[in-house]
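> Provided herewith is a single structure, encoded as structure tokens, for subsequent inquiry.
There are 2 protein chains.
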Amino acid sequence: MNYPNNLKRDYKKNISHRNRGMDLECSINKSNEYYLSINRAVIYKKPTPIGLVDVKYCDNKKQINKAYFKCPSTLDYNGIYKGKYIEFEAKETISKTSFPLSNIHPHQLKHLKLIIEHGGIGFLILKMNNIIYLIKGEDLINFIDNNKRKSLPLKLLEEKAYVIKERINPSLDYLSIVDKIYFKE
Amino acid sequence: MNYPNNLKRDYKKNISHRNRGMDLECSINKSNEYYLSINRAVIYKKPTPIGLVDVKYCDNKKQINKAYFKCPSTLDYNGIYKGKYIEFEAKETISKTSFPLSNIHPHQLKHLKLIIEHGGIGFLILKMNNIIYLIKGEDLINFIDNNKRKSLPLKLLEEKAYVIKERINPSLDYLSIVDKIYFKE
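So the sequences go chain by chain: A and B.
Note that the numbering used here has the first sequence beginning at 5, numbered continuously upward.
Note that the numbering used here has the second sequence beginning at 5, numbered continuously upward.
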């Protein structure tokens, strides 16, 4: 059946994209809860920064009546693992061939560079084609600094990134990849 | 002049309390900006966690029409300094003799314990009587675990805490105290 302006198709696409977004974030949050429960790491998602416009008192509690989302200058998740500072961003894309770099703000890239420079662990978790990759901050920055491309090609992920396996608990065992990369001895 | 229900007095007290709160937070934020500018540390205030109730699109941008403040389960500030994970809370009190411990949520205390256990640096910056103290997380937890008092007495601060000097740049040089406590050699 044909809808005017392909409404049906767009609607479906939006839903699917949004769900996938929630899936990855939800998976990481649950994994962090699991890691915390077994005392392996203390990692939290940072709250989204907002700008307050109108706050009122309602039943003795502050209620926000108007606010907007601010552009984040740091990454989504941070915490401590094996005594080291850890910070990362999680993204997914519906593209099957590349990840548009416009999804990472320049402030965030600058921040990632600083984290690495100061001795922390920084990386990107990226979901593409239903596969979840972990790409080291160093490799991401190296690609961006030495390429004019505005997207991360699948080929680079296949060459440089590590695949994170999905399990039951934790649902996304990204710390086993962190062990492999940053704590190998 | 007497106002009904001491309205004037209450009003004055609120203003004064609020300004003092902004002063300390503002001072720490500015100091963190300074530390970042000289590449000494990467420390940010975490956004306040909020619960969204109503979000709408307005001019193609998401606008929050109703939300509320959530109880934080971690501390105000975190980041990386000399390769170490650092996290702290900043509080001030108008009391001249003690700091009410009800100002720190049980979740936050549990989190502070975990940070220390995992090898991070955790502390409280406290402003009382116009003096700014830094008290080690270990000393704070030790006091709470071994006392039935519901407030931190000034005497404990004078014995255990370190006074942070106010300067021009950074306005609050708390990292020099961190150096003294955690990086002495």
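Glycine included, C-beta positions come from ideal geometry on N, C-alpha and C.
Keep in mind the model is a prediction, meaning the values are calculated, not measured.
So which residues of chain A does residue 82 of chain B contact, with C-beta pairs closer than 7 Å?
Within 7 Å Cβ-Cβ: 82.
> For residue 174 of chain A, is the classification buried or exposed, using 16 other Cβ atoms within 10 angstroms of its Cβ as the cut-off for buried?
Classification for residue 174 of chain A: buried.
> Following a CB-centred definition, is residue 39 of chain B positioned closer than 7 Å to any heavy atom of the ligand ATP?
The ligand ATP is not part of the structure shown, which contains no ligands of any sort.
> Sort A/64, A/43, A/69 by Cα distance to residue 55 of chain B and report the nearest one.
Out of A/64, A/43, A/69, A/69 has the C-alpha closest to the C-alpha of residue 55 of chain B.
> I'd like to know if residue 133 of chain B contacts chain A, where contact means its C-beta is closer than 8 Å to some C-beta of that chain.
So no, residue 133 of chain B is outside the interface.
> Helix, strand or coil for residue 147 of chain B per DSSP?
Residue 147 of chain B: helix per DSSP, three-state reduction.
> Run down chain B in chain order and give the residues with a C-beta less than 8 Å from the C-beta of residue 92 of chain A.
Here the premise fails: no neighbours, minimum Cβ distance about 14 Å.
> Between the C-alpha atoms of residue 139 of chain B and residue 147 of chain B, what's the straight-line distance to the nearest angstrom?
Their Cα atoms are separated by approximately 11 Å.
> Using 8 Å as the limit for Cβ to Cβ distance, is residue 109 of chain B near chain A?
It does not: the Cβ of residue 109 of chain B has no partner Cβ on chain A nearer than 8 Å.
> Could you pull out every residue in the same chain whose Cβ sits closer than 6 Å to the Cβ of residue 125 of chain A, ignoring the five residues on either side in sequence?
Here the set comprises 88, 90, 186.
> If you draw a straight line from the alpha carbon of residue 178 of chain A to that of residue 129 of chain A, how long is it in whole angstroms?
Their backbone Cα atoms lie some 9 Å apart in a straight line.
> By the criterion of Cβ-Cβ separation under 7 Å, what are the contact partners of residue 73 of chain B in chain A?
Ordered by position in chain A, the residues that pass the 7 Å Cβ test against residue 73 of chain B are 66.
> Does residue 69 of chain A get closer than 8 Å to chain B when you measure Cβ to Cβ?
Output row for residue 69 of chain A: interface = yes.
> Does DSSP put residue 70 of chain A in a helix, in a strand, or in coil?
Residue state, collapsed to three classes: strand.
> What is the DSSP secondary structure of residue 80 of chain B, reduced to helix, strand or coil?
Three-state DSSP puts residue 80 of chain B in coil, outside helix and strand.
> Alpha carbon to alpha carbon, how far is residue 156 of chain B from residue 166 of chain B?
So the two alpha carbons sit approximately 15 Å from each other.
> Can you give, in chain order, each stretch of the alpha helix (DSSP H) that sits fully within the stretch 124–179 of chain A and has at least 4 residues?
As far as the stretch 124–179 of chain A is concerned, its whole alpha helix (DSSP H) runs of at least 4 residues are 141–149, 158–164.
> Do the stretch 102–111 of chain B and the stretch 49–67 of chain B meet, that is, are 3 or more Cβ pairs less than 8 Å apart?
The stretch 102–111 of chain B is not in contact with the stretch 49–67 of chain B.
> Is the shortest distance between the beta-carbon of residue 51 of chain A and the beta-carbons of chain B less than 8 Å?
Taking Cβ atoms only, chain B reaches closer than 8 Å to residue 51 of chain A, which makes this a yes.
> Output, in chain order, the set of chain A residues within a Cβ distance shorter than 7 Å of residue 39 of chain B.
Correct list: empty, because the minimum Cβ distance to chain A is about 11 Å.
> Run the CB neighbour count on residue 78 of chain A, radius 10 Å, all protein chains shown included, and call it buried at 16 or more, exposed below.
It counts as buried.
> Determine the closest residue to residue 111 of chain A out of A/135, A/137, A/80, A/136, with distance taken between C-alpha atoms.
Minimum Cα distance to residue 111 of chain A is reached at A/80.
> Is any beta-carbon of chain B found at less than 8 Å from that of residue 118 of chain A?
Yes - at least one Cβ of chain B is within 8 Å of the one on residue 118 of chain A.
> Are residue 158 of chain B and residue 132 of chain B touching if we call contact CB-CB under 8 Å?
Closer than 8 Å, so yes.
> At a Cβ threshold of 8 Å, is residue 137 of chain B touching chain A?
Cβ-Cβ to chain A under 8 Å: no for residue 137 of chain B.
> Using only CA atoms, which one of A/71, A/34, A/163, A/67 lies nearest to residue 59 of chain B?
Nearest option by C-alpha distance: A/71.
> Counting only C-beta atoms, is residue 148 of chain A closer than 8 Å to chain B at any point?
Taking Cβ atoms only, chain B never reaches closer than 8 Å to residue 148 of chain A, which makes this a no.
> Looking at the strands, I want to know which residues DSSP matches up with residue 49 of chain B.
Residue 49 of chain B is bridged to B/81.
> Look at the alpha carbon of residue 94 of chain B and the alpha carbon of residue 137 of chain B, and state the distance between them as a whole number of angstroms.
Rounded to whole angstroms, residue 94 of chain B to residue 137 of chain B spans 10 Å at the Cα level.
> Can you tell me where the beta strand (DSSP E) with residue 108 of chain B in it begins and where it stops?
Unbroken run through residue 108 of chain B: none, as it is neither H nor E.
> Can you say whether residue 96 of chain B is buried or exposed, counting buried as having 16 or more other CB atoms within 10 angstroms of its CB?
Classification for residue 96 of chain B: buried.
> Have a look at the DSSP bridge pairing and note the partners of residue 59 of chain A.
DSSP output for residue 59 of chain A lists A/68 as bridge partner(s).
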